[in-house]
Structures are given as C-alpha cells and as structure tokens.
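**Student:** Right, I'll just put the structure down here and ask away after.
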Amino acid sequence: MSAISAIGNPIAYMPPASSSASGANMGKQDFLLLLIEQMKAQDPLNPQDPSEFTAQLAQFSSLEQLYNLGDSLQTLSMLSASVNNMAAGNFLGREVLVQGSNIYLQEGGASALRYNLGAEAASVRIDIYNASGAKVRTIDLGPQQSGEGRFVWDGEMTAGGKAPDGVYTASITATGANGDPLYAATRMTGRVTGVVYQNGVTYLDLSGQLVPIAEVMEIRP
60 MSAISAIGNP IAYMPPASSS ASGANMGKQD FLLLLIEQMK AQDPLNPQDP
110 SEFTAQLAQF SSLEQLYNLG DSLQTLSMLS ASVNNMAAGN FLGREVLVQG
160 SNIYLQEGGA SALRYNLGAE AASVRIDIYN ASGAKVRTID LGPQQSGEGR
210 FVWDGEMTAG GKAPDGVYTA SITATGANGD PLYAATRMTG RVTGVVYQNG
260 VTYLDLSGQL VPIAEVMEIR P
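With our numbering applied, the sequence shown corresponds to residues 60 to 280, in that order.
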C-alpha cells in the first residue's frame, strides 16, 4: 500500500524544472504519463477521487497558461521596441512638435514656439532666457485671441545684437480682460538630429535635448 500511496502523488515524481523550452514540453508529457500510471496503480478497493485528478489538471493548465502569457508579453514588448526603433530612423532631419517651451536658435534662425490660450487675453508677454537663466529678450504681443498662437523669435536681444546659437527657454505671461492671469500651454518645434535608445525607451535628439518619441504630436518635412 505504501507503493500505491507514493504513486498517488505524481508531483513527487515530477522532473526538475529546466530552463529550456524542450524541458517545459517534457514536463507536460511526463505529467500526463504519471497520471496514467497513477490510475493504473491505484487500489481498486479504494480508488482515488476523480475530482483530485481534475484539480491537478486544472492547476497544471493554469501554470502553463501563466508561463505562455509571460512569454507572449515579452515577445510583444520586444516587437514593439523593434518597431519603434525602426520607425525612429524616419524622424532624422525632420521637424517635430512636442510639449515644451524651448527655442532653438541656429545660424540666426529660431524654431517656432506655439502656445494655446483658453480665453481671450488682454495682453501676452514672452520672456526669453538663455541656458544660464539670464533674460535676453522680452516681447509684448499685445491682445491675443483664444486658441493657438505661433511665435518665432528673430534672435535679437534686448541689449542689442544677435544672441549666440543655442537652446533658449520661453516663458509666457498672459492676462485676461479682468486682469486675472491666463494659463498658456506651450509646444515647441525642433529638428531631429539624432536618435538615442536608453533603458528600452526611444528618444529623439532635438539639438541636444532628448524627447521621448511617444511625446511627438506632429511631424513635418
């Protein structure tokens, strides 16, 4: 009877887990063979409850599905990353629109800055700062309608002369008709000069600033 009891527990005879795919397949085959042997060796006078077989099969099936799901998710993640990496190459040399307030000044020409006003503004002022945080220019745009506006800096500084090439930051101050401040969401444009991959994320290099490819809102030639 002790031999019958031992055979009645197929888990005790399960082979050690293997890291290879073939090991996983052999595990399934061995499990079914052990169940057959268990049925052959059970005591006819005291047969095992069939519900126990069903429970064992259900547990094994659930475990197998979890392993398969993990493999599928990993494959999907790798496929998605591969597609993003291949698509990123098409951005090189093109202008993109992303969230932000940077202005890129190069060879005397600046990138465009877009802003969006939720209501009509009595006045809109744009302050431009260099990389050191010093203000180099203040521009009053006057009254502006609600909705999207576009601004392109000419590169001129308040003190006179042209600002050197580089990355600048714009700050928008808008005031409503009643004198209350208005929020202005900003979007910046920049030309893609490179593609960087970090920690599974694809970034576009906009003149030195890395922007996740998922944040791109618009692409232009």
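Backbone N, C-alpha and C fix where the C-beta goes; we use that ideal spot for every residue, glycine too.
Taking 8 angstroms as the threshold (C-beta atoms), are Tyr163 and Ser308 in contact?
**Tutor:** Any question about residue 308 goes unanswered here, given that the chain covers just 60 to 280.
**Student:** Going by DSSP, what residues sit across from Gly168 in a beta bridge?
**Tutor:** Gln165
**Student:** Per DSSP, Met247 forms a beta bridge with which residues?
**Tutor:** Val157 and Leu172
**Student:** Hey, would you say Arg153 sits closer than 8 angstroms to Ile278, going by beta carbons?
**Tutor:** yes
**Student:** Any idea if Met276 is buried or exposed, counting beta-carbon neighbours within 10 angstroms, 16 or more meaning buried?
**Tutor:** Exposed, because fewer than 16 other Cβ atoms sit within 10 Å of the Cβ of Met276.
**Student:** If you draw a straight line from the C-alpha of Met73 to the C-alpha of Glu96, how long is it?
**Tutor:** Annotation note: pLDDT 46 at Met73 (below 50); position unreliable, no value reported.
**Student:** So which of Pro202, Asp213 and Tyr262 has the shortest CA-CA distance to Ala147?
**Tutor:** Taking only the C-alpha atoms, the option nearest Ala147 is Tyr262.
**Student:** Using beta-carbon positions only, say whether Val183 and Met247 come within less than 8 angstroms of one another.
**Tutor:** no
**Student:** Would you kindly check if the distance between the Cβ of Gly208 and the Cβ of Leu241 is under 8 angstroms?
**Tutor:** no
**Student:** Looking at the secondary structure, which residues open and close the beta strand (DSSP E) in which Glu215 lies?
**Tutor:** First-last for Glu215: undefined, no H or E at that position.
**Student:** CA-CA distance, Ser191 and Ser160?
**Tutor:** 16 angstroms
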